[in-house]
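Just so we're aligned: 39 in the UniProt record's numbering is position 39 of the sequence shown, and the numbers increase by one with no gaps anywhere.
A virtual CB, placed ideally from N, CA and C, is assigned to each residue, including glycine.
Every value quoted in this text rests on a predicted model; they were computed, and no experiment measured them.
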Amino acid sequence: MSNSPELLAALATVHDPELRRPITELGMVESAVLSQGTATVKILLTIAGCPMRSTIQDEATAALQAVAGVHQVNVNLGVMDPQQRADLRESLASRRTPFSDPSSLTRVIAVASGKGGVGKSSITANLACQLASQGLKVGLIDADVHGFSIPSLMGISQNPTRVDDMILPPVAHGVKVISIGMFLDSNQPVIWRGPMLHRALEQFLSDVYFGDLDYLFLDLPPGTGDMAISVSQLLPNSELLVVTTPQSTATEVAERAGTIALQTDQKVIGVVENMSFLQLPDGTRMEVFGSGGGAKLSDSLSQQLDYPVQLLTQIPLEESVRVGSDEGRPVVLSSPQSPAAFALRELAGKLDQRPRGLAGRSLPMSF
Ligand SMILES: Nc1ncnc2c1ncn2[C@@H]1O[C@H](COP(=O)(O)OP(=O)(O)O)[C@@H](O)[C@H]1O
Ligand SMILES: [Mg+2]
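Structure representation (structure tokens):
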């Protein structure tokens with residue numbers, strides 16, 4: 001019996017959770033037959049142990065139940081054969097956007113800091129979640145290979161799915177996330193040297209299927225190490241966002257992380273000051289880590305880079321930020337009314353001021 005156009009239309013609303021495209025476009029619907037009120041559908045998963053199988057099955061069932069004239073739904077799951085997987089890979093590869101291509105519309109933002117513990121990862125995760133919640137397509141690479149924390153900040157415990165040599169990043173809060181931590185046994189130290197880091201990043205950029213993105217964030221390791229250089233080489237369009245605390249020692253090391261842009265020719269978008277103050281119950285602000293670090297960093301980077309590098313926001317020290325991180329739900333989602341969430345939204349808004357879209361840009365040759 002032939003496939004029912006009504007059922008196919010309903011299935012076109014079901015997206016593969018990892019590939020983020022309609023299952024009908026991915027060659028995943030083998031058959032969709034409607035007979036006497038019974039919809040019988042066979043969906044092929046990319047791999048046998050697909051962690052998303054129940055999500056796909058539930059969403060397909062719900063979509064089919066909503067079709068007029070359908071009284072009963074049978075959704076059977078199968079697995080693609082090697083040829084079907086190869087076809088899928090090919091169709092995805094032809095759509096893969098090389099983020100380093102000058103015509104790429106993806107904005108690549110690397111978040112840097114002088115030292116660890118200043119909130120770089122928390123800020124990166126929050127920015128990614130905030131922009132994704134606004135409907136933008138966002139990817140996040142945890143490039144902090146020695147101190148990876150993005151998976152737990154984003155609440156991801158699941159490993160990436162592999163379709164042969166293609167890696168499908170887990171999606172959390174609408175953000176496609178990849179981290180070196182997803183490829184290691186738990187708590188195993190990473191003792192990689194520069195060339196291996198470079199190759200790891202290269203592989204993230206070539207083998208991980210991000211699809212078209214509006215934003216790609218990179219959580220850099222602290223300091224001015226090999227990874228920062230690799231990012232500038234592999235993603236020459238990337239821009240830097242520099243995070244500091246108000247403390248002068250943090251600012252001095254952050255300055256070095258920012259002036260690396262002089263050598264790599266990357267643009268520094270701005271400075272973020274985190275843990276700026278603690279709001280006390282009586283309304284006064286306690287400056288736990290001192291004050292003025294962000295403004296000082298903004299001044300010195302502006303001078304050295306010879307263009308204005310603004311202090312984009314000051315984020316208060318707040319329990320909700322830490323709680324959100326611990327729960328795997330960044331504060332912009334878990335406590336959106338908190339002053340820290342407000343500051344992070346302000347920051348996301350400032351980043352997103354640049355007009356996106358095709359106007360004035362050359363079109364990539366293939367889609
Ligand atoms: N504004 C803030 N208020 C309270 N805690 C924060 C804030 N920013 C970060 N933290 C906490 O500080 C610690 C370090 O933050 P993290 O984002 O991991 O820093 P980094 O990536 O720079 O090492 C984490 O426990 C995090 O939850
Ligand atoms: Mg970190």
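Residues bridged to residue i [DSSP beta-bridge criterion]
| i | result |
| --- | --- |
| Ser31 | Lys42 |
| Met286 | Leu278 |
| Pro22 | His15 |
| Thr313 | Val272 |
| Ser179 | Asp142 |
| Arg107 | Tyr215 |
| Leu241 | Val111 and Gly270 |
| Val171 | Lys176 |
| Val208 | Ile167 |
Continuous alpha helix (DSSP H) stretch holding residue i: start and end
| i | result |
| --- | --- |
| Lys120 | Lys120 to Ser133 |
| Gln261 | The residue asked about is misnamed: residue 261 is Ala in this sequence, not Gln. Ser248 to Thr264 is the extent of the alpha helix (DSSP H) around Ala261. |
| Phe342 | Pro339 to Leu351 |
| Arg322 | Glu319 to Glu327 |
| Val231 | Asp226 to Leu234 |
| Leu220 | Segment: none, Leu220 is in no alpha helix (DSSP H) and carries neither H nor E. |
| Gly49 | Element bounds for Gly49: n/a, residue is neither H nor E. |
| Ala295 | Gly293 to Leu305 |
| Pro150 | Looking at the sequence itself, residue 150 is Ile, so the reference to Pro does not match. It spans Ile150 to Leu153 - the alpha helix (DSSP H) in which Ile150 sits, taken as one unbroken run. |
| Gln65 | Arg53 to Gln65 |
| Leu333 | Val331 to Ser334 |
Neighbour-count burial assignment, residue i, 16 or more Cβ in a 10 Å radius
| i | result |
| --- | --- |
| Gln83 | exposed |
| His173 | buried |
| Tyr307 | exposed |
| Arg10 | Note that residue 10 corresponds to Ala in the displayed sequence, not to Arg. That one is buried. |
| Ala66 | exposed |
| Glu318 | buried |
| Asp165 | exposed |
| Thr24 | buried |
| Gly357 | Reliability of the predicted coordinates at Gly357 is poor, the pLDDT of 47 falling under 50, and the value obtained from them is presented with this limitation in mind. Label assigned to Gly357: exposed. |
| Met52 | buried |
| Ser238 | buried |
| Gln314 | buried |
| Ala128 | buried |
| Glu90 | exposed |
| Pro281 | exposed |
| Gln337 | exposed |
| Ser298 | buried |
| Asn274 | buried |
N-terminal and C-terminal residue of the beta strand (DSSP E) that residue i is part of
| i | result |
| --- | --- |
| residue 381 | Lying outside 1 to 367, the shown extent of the chain, residue 381 is not represented and no answer is given. |
| Leu77 | Gln72 to Val79 |
| Met166 | Met166 to Leu168 |
| Gly139 | Val138 to Asp142 |
Residues of its chain near residue i, where Cβ-Cβ distance is below 7 Å and the 5 sequence neighbours each way are ignored
| i | result |
| --- | --- |
| Asn3 | Ser31, Ala32 and Val33 |
| Ala250 | Gly114, Lys115, Val118, Thr244 and Gly293 |
| Phe99 | Thr106, Val108, Leu205, Leu216 and Leu235 |
| Ser300 | Glu255 |
| Ser302 | Pro308 and Val309 |
| Gly132 | A small correction: the amino acid at residue 132 is Ala; Gly does not occupy that position in the sequence shown. Val138, His173, Gly174 and Val175. |
| Pro160 | Ile167, Leu168, Pro169, Pro170, Ile178 and Met182 |
| Ile260 | Thr224 and Ala228 |
Sequence-distant residues of its chain with Cβ nearer than 6 Å to residue i (five each side left out)
| i | result |
| --- | --- |
| Gly181 | Phe148 and Pro151 |
| Thr264 | Ser232 |
| Val253 | Gly114 and Lys115 |
| Glu287 | Phe277 |
| Arg107 | Tyr215 |
| Phe210 | Gly139 and Lys176 |
| Glu6 | Val67 |
| Gly223 | none |
| Ala12 | Pro22 and Thr24 |
| Glu346 | Thr313 |
| Asn76 | Lys42 |
| Phe289 | Thr245, Pro246, Gln247 and Met275 |
Contact set for residue i: own chain, Cβ-Cβ below 8 Å, skip 5 residues either direction
| i | result |
| --- | --- |
| Glu327 | Gly155 and Ser334 |
| Leu8 | Thr24, Val29 and Ala32 |
| Gly37 | Gly69, Val70, His71 and Gln72 |
| Leu201 | Ile141, Ala143, Met227, Ser230, Val231 and Leu234 |
| Asn74 | Thr38, Ala39, Thr40 and Val41 |
| Ala343 | Thr313, Gln314, Ile315 and Pro316 |
Contact belief for residue i with residue j at Cβ below 8 Å, rounded distance in angstroms
| i | j | result |
| --- | --- | --- |
| Ser276 | Pro316 | 6 Å |
| Val79 | Ala60 | Wrong, their Cβ atoms sit about 16 Å apart, outside the cutoff. |
| Val14 | Ala63 | 5 Å |
| Pro170 | Val163 | The pair is not a contact, with the Cβ atoms about 14 Å apart (cut-off 8 Å). |
| Pro221 | Ala143 | 7 Å |
| Leu311 | Ala295 | 6 Å |
| Leu218 | Val111 | 7 Å |
| Leu168 | Ala125 | The Cβ separation is near 20 Å, so there is no contact. |
| Gln279 | Pro339 | 7 Å |
| residue 374 | Gln304 | The question about residue 374 has no answer here: the residues shown for the chain are numbered 1 through 367. |
| Pro17 | Thr46 | Not confirmed; about 11 Å, so no contact. |
| Ser325 | Ser122 | 5 Å |
Name all residues in chain order for which at least one heavy atom of ligand 3 lies closer than 7 Å to the residue's CB.
In the structure shown, ligand 3 is absent; the only ligands present are ligand 1 and ligand 2.
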